[in-house]
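> Here it is, the structure, as structure tokens.
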Amino acid sequence: MNIDYKLIGARIQATRKKCGFTQENLAEKLDVTVGYVSQIERGITKISLDLLAAIATCLHCDIGEFVIGTSMGTETYLLTDIGRAYNELSARERKLVLGFIDLLRENGKD
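Residue 30 in this note's numbering sits at position 30 of the sequence shown; the count goes up by one each step and never skips.
Written out as structure tokens, the structure reads:
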């Protein structure tokens, strides 16, 4: 699995801007340089998990928003992955999946 640092950086940048932070504000809170924040946001540098967690804390969001594009606490968690997997199935396999979902819903009504 390849890690898309450019996508992670773009998500960090979008969240930072949504929170009203400048790169300077974020750099100060993280005790790093503005240039380093810029490199992270452009995907030039490989960010550590520790720093990614610190950024999530500073921006009051879930680290998953940067890595997978959604927070595990939202209803859309894994929806993209499920949709991608479903699209790769044959028509017969899709019918089986939908049948399985119907069974799950029926058993959940008890």
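From the three backbone atoms N, C-alpha and C, an ideal C-beta is built for every residue, glycine too.
In chain order, what residues of the same chain lie with their CB nearer than 7 Å to the CB of VAL37, ignoring the 5 residues before and after it?
Excluding sequence positions up to five before and after VAL37, its CB lies within less than 7 Å of the CB of GLN23, LEU26, ALA27, all in the same chain and listed in chain order.
> Does the Cβ-Cβ distance between LEU63 and ALA53 come in under 7 Å?
Looking at the sequence shown, residue 63 is not Leu but Ile. Cβ atoms of ILE63 and ALA53: closer than 7 Å.
> Please report the residue range of the alpha helix (DSSP H) in which ARG42 lies.
No alpha helix (DSSP H) contains ARG42, which DSSP labels as neither H nor E.
> Given that a residue counts as buried once 16 or more other Cβ atoms are within 10 Å of its Cβ, and exposed if not, what is ARG16?
buried
> May I have the straight-line CA-CA distance separating SER48 from GLY83, to the nearest angstrom?
Whole-angstrom Cα-Cα distance: 29 Å.
> Over what stretch of residues does the alpha helix (DSSP H) that includes THR33 continue unbroken?
Neither: THR33 is in no alpha helix (DSSP H) and is coded neither H nor E.
> Helix, strand or coil for VAL50? Go by DSSP, reduced to three states.
Inspection of the sequence shows that residue 50 is occupied by Asp rather than by Val. The DSSP-derived three-state label of ASP50 is helix.
> Do ARG42 and GLY20 count as a contact pair if the criterion is CB distance below 7 Å?
no
> Quick check on ASP158: does DSSP put it in helix, strand or coil?
Absent from the structure is residue 158, since the part of the chain shown begins at 1 and ends at 110.
> For GLY99, does the three-state DSSP call read helix, strand or coil?
helix
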